[in-house]
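Working notes, beginning with the structure itself.
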Amino acid sequence: MLRFLVFTTPVLYGHSTQDFPETNARVVGGTEAQRNSWPSQEGISLQYLSGGKWYHTCGGTLIKQNWVMTAAHCVDTQMTFRVVVGEHNLNQNDGTEQSMSVQKIVHPSWNSNNVAAGYDIALLRLAQKVTLNSYVQLGVLPQEGTILANNSPCYITGWGRTKTNGQLAHSLQQAYLPSVDYVTCSSSSFWGPTMKRTMVCAGGDQVRSGCQGDSGGPLHCLVSGKYTVHGVTSFVSSLGCNVSRKPTVFTQVSAYISWRNIVIASN
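Okay, so the sequence shown: first residue is 1 according to UniProt numbering, each after it adds one.
So this is what it looks like as structure tokens:
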């Protein structure tokens with residue numbers, strides 16, 4: 001039976017990787033992102049309350065000043081959550097953070113017992129609008145129905161584990177993960193029928209990948225000269241975070257533009 005692993009882990013941090021030697025790597029194959037290089041992701045830390053303390057569990061993308069997009073599996077519990085934006089190093093005060101409580105809206109078709117069915121997407125309504133500045137910017141989303149070409153240049157960002165069962169990153173990481181098209185990723189030697197048309201694959205080279213704690217964060221892809229957020233980090237193989245021919249799987253943002261618009265308009 002094929003098994004897969006979603007990225008959240010209690011009291012874990014989360015999400016990213018890159019294509020450099022593992023010296024000082026943060027995230028599987030990743031390197032530390034330059035401060036302010038991904039302002040729509042910088043500091044989008046979804047945290048839960050436990051024992052009077054806040055712990056990072058997932059990433060996200062700021063899509064409006066009072067809305068964050070993340071993965072459904074990050075918030076399908078009864079825990080109390082908050083979002084911190086303007087974050088870079090989770091272990092220190094960077095002086096750019098803004099934190100606020102959230103109202104979560106999970107996609108109605110999400111089934112936590114069947115991650116492979118898709119719909120792993122949620123929206124978080126923030127208690128107040130964040131202040132946009134050089135450290136906090138809105139993510140750019142693709143047009144509805146947009147499909148990435150194979151081998152499109154993409155980056156995953158986040159604070160996830162640096163290797164399977166390894167250490168968590170303290171500072172935001174990035175990793176180059178070229179996209180893998182649906183025909184390839186749904187083939188029997190890759191993900192097979194687990195891969196749906198509402199998902200995006202990226203990576204799969206056994207060097208770079210997302211890992212636990214990366215969930216909910218963005219896949220930034222260069223299309224027509226600008227980076228847009230094409231994916232929401234969802235799952236990897238249960239065999240490990242960087243298994244050959246098991247690329248990191250993301251919820252395809254362009255498949256949920258209408259749902260996003262309806263939710264925001266009605267809330």
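The C-beta atom is built at its ideal place from N, Cα and C for all residues, glycine as well. The structure displayed is predicted, hence computed values, not measured ones.
Here A149 is exposed, its C-beta having fewer than 16 other C-beta atoms within 10 Å. Checking the DSSP bridge columns, you'll see L62 partnered with V68. The DSSP-derived three-state label of G192 is helix. A residue is called buried once 16 or more other Cβ atoms fall within 10 Å of its Cβ, and R260 is buried on that count. For V232, the closest C-alpha among the options Y176, Y55, A72 and R125 is that of A72. Contact between the segment 178 to 190 and the segment 134 to 141 is absent: fewer than 3 CB-CB pairs across the two stretches fall below 8 Å.
Taking a C-beta distance under 7 Å as the contact criterion, P247 and G203 qualify as a contact pair. In this chain, the alpha helix (DSSP H) harbouring I262 covers I257 to S266. L132 counts as exposed, since fewer than 16 other beta carbons sit within 10 angstroms of its beta carbon. Here A127 carries a coil assignment [DSSP, helix/strand/coil].
Residue range Y182 to C185 is occupied by the alpha helix (DSSP H) that includes Y182. Of the candidates Q252, W67, G118 and N151, the residue whose Cα lies closest to the Cα of V85 is W67. For A265, the closest of I105, H220, H170 and Q78 by C-alpha to C-alpha distance is I105.
In the structure shown, A117 falls within a helical segment according to DSSP collapsed to helix, strand and coil.
Per DSSP, the beta bridge partners of Q47 are H56 and R82. Of the residues G59, N91 and Y48, the one whose Cα lies closest to the Cα of F81 is Y48. Secondary-structure assignment with DSSP links I147 through no beta bridge to anything.
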